[in-house]
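Reading through the structure tokens given below for one structure.
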Amino acid sequence: MHKLVFKILRYSGLALIFREVFQRRKVTILIMHDMTADAATKAFLFWKQHYNVISLKDYLDARQHKKELPPKSLVLTFDDGHKGNFQLLTLIESFRIPVTIFLCSGIVGTNRHFWFTEKTLNAEKLKYLPDDKRIREMNKNNFFEDKEYPNRQALSAEEIKVLKESPFVELESHTRFHPILTQCSDEKAFKEINDSKKELSEKFDLEITGFAYPNGNYSDREILMVKKNGYEYALTADPGFNTLKTDPYLLKRLSVNDSENFDEIVVKTSGLWGLLKKIFRKDNAYH
Ligand SMILES: [Zn+2]
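Numbering-wise, the working numbering comes out as the position in the sequence shown, counting from 1, plus 449.
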């Protein structure tokens, strides 16, 4: 059913109109999480052919120096720091496609797990709980944030070292353990935002300037904390396009949900899906 909807939207010409008209003078930022190499191969080729893929840094430099950007500028971002991201490095380099990966500093470089991918937990329900209650619920279900599991889900320290050396990869912050910040106490939210930057710099010698709000959730408090902690910009999951004047702490992003379906990638990249979701007020299902 979903597949058919994307096919219709793609071949209706609406996705093409969005791309050629609405996206032409805008900067589109996409969110991926753990895209497979197969899906990425198709997607990278499409993006390379129909957009101008630029790095997040190019966009930020253009803002700062009031430089013009190429038409249909597209920025690719990956959230969380999934180990599968490392499998994309060869593709990223052969396509010469710049990406930015937002890392959870308490999970990368360890065998700790991402709570929202844990099959035994109902992540969608947990997102709506006050943070201390979410932690208690997870513990009751035998999930512990700092438990080292036999298998690894996140990028290893060695992989981060290799990614860091690539001229096509930028690494930034996505908190420590990926709580829903708006459900956290002041202390916890501050610690997650502040310590993540510190940990990434201490553990991996990274210079962190950017932040992505976990699950796209933020309020005035988080914006203020991110600014106070010296981050220069922050990315939301609010669908839409950006200009050189968009608030740097409220940059918009479109989710392509790691799709393997090419029609879906085309439609979601164009912003058409984000607009429909806004109209029908559908909740975010990403992290
Ligand atoms: Zn995330």
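C-beta: ideal position from N, C-alpha, C; glycine also.
These numbers come from a predicted model, not from an experiment.
Quiz item: Any contact of the stretch 459 to 479 with the stretch 654 to 671, i.e. 3+ C-beta pairs under 8 Å?
Solution: At 8 Å Cβ cutoff, the stretches do not touch.
For residue 660, verify whether its CB is less than 8 Å away from any heavy atom of ligand 2.
This structure lacks ligand 2; its bound ligands are ligand 1.
### Task
Please go through the stretch 694 to 723 and give each complete alpha helix (DSSP H) segment of 4 or more residues, from N-terminal end onward.
Along the length of the stretch 694 to 723, whole alpha helix (DSSP H) runs at least 4 residues long occupy 711 to 718, reported in chain order.
* To do: Determine the direct distance from the alpha carbon of residue 487 to that of residue 540, and round the result to whole angstroms.
  => One-based indexing of the sequence shown puts residue 540 at position 91. One-based indexing of the sequence shown puts residue 487 at position 38. Distance between residue 540 and residue 487, taken at the CA atoms: about 10 Å.
Query raised in the report: Is there contact here, the stretch 626 to 637 with the stretch 493 to 510, by at least three beta-carbon pairs under 8 Å?
Result: Counting C-beta pairs with one atom in each stretch, the stretch 626 to 637 and the stretch 493 to 510 have fewer than three that are closer than 8 Å, which means they do not touch.
**Message:** Tell me which residues share the same chain as residue 700 and place their Cβ nearer than 8 Å to its Cβ, disregarding the 5 neighbours each side in the sequence.
**Reply:** Working through the sequence shown from its first residue, we reach residue 700 at position 251. Within the same chain, residue 700 has close Cβ partners 478, 682, 683, 684, 685, 691.
Taking just the CA atoms, how far does residue 604 sit from residue 587?
Taking the first residue of the sequence shown as position 1, residue 587 is located at position 138. Taking the first residue of the sequence shown as position 1, residue 604 is located at position 155. Spanning the two alpha carbons is a distance of roughly 23 Å.
Taking a cut-off of 6 Å, which residues have a beta-carbon closer than that to any heavy atom of ligand 1, in chain order?
The filter returns 528, 529, 623, 627, 663, 736, in chain order.
(Q) What residue range does the alpha helix (DSSP H) around residue 508 cover? (A) Here residue 508 corresponds to residue number 59 of the sequence shown, with the count starting at 1. Counted as a single uninterrupted DSSP element, the alpha helix (DSSP H) harbouring residue 508 occupies residues 505 to 514.
request  = Just mark residue 600 as buried or exposed, buried being the case when its beta carbon has 16 or more other beta carbons within 10 Å.
outcome  = For the purposes of this step, residue 600 is identified with residue 151 of the sequence shown, where counting begins at 1. Using a 10 angstroms sphere on the CB of residue 600, the tally of other CB atoms stays under 16, which defines it as exposed.
Close beta carbons around residue 522, own chain, < 6 Å, minus the five adjacent residues each side: For the purposes of this step, residue 522 is taken as the residue at position 73 of the sequence shown. Sequence-distant partners of residue 522 (beyond 5 residues in either direction) whose C-beta falls short of 6 Å from its own C-beta, in its chain, are 476, 501, 503.
Does any C-beta atom of chain E lie closer than 9 Å to the C-beta of residue 468? Annotation note: the requested chain E is absent from the structure, which comprises a single protein chain.
* To do: From the DSSP output, read off the bridge partner residues of residue 477.
  => Mapped onto the sequence shown, residue 477 falls at position 28. Beta-bridge analysis with DSSP links residue 477 to 523.
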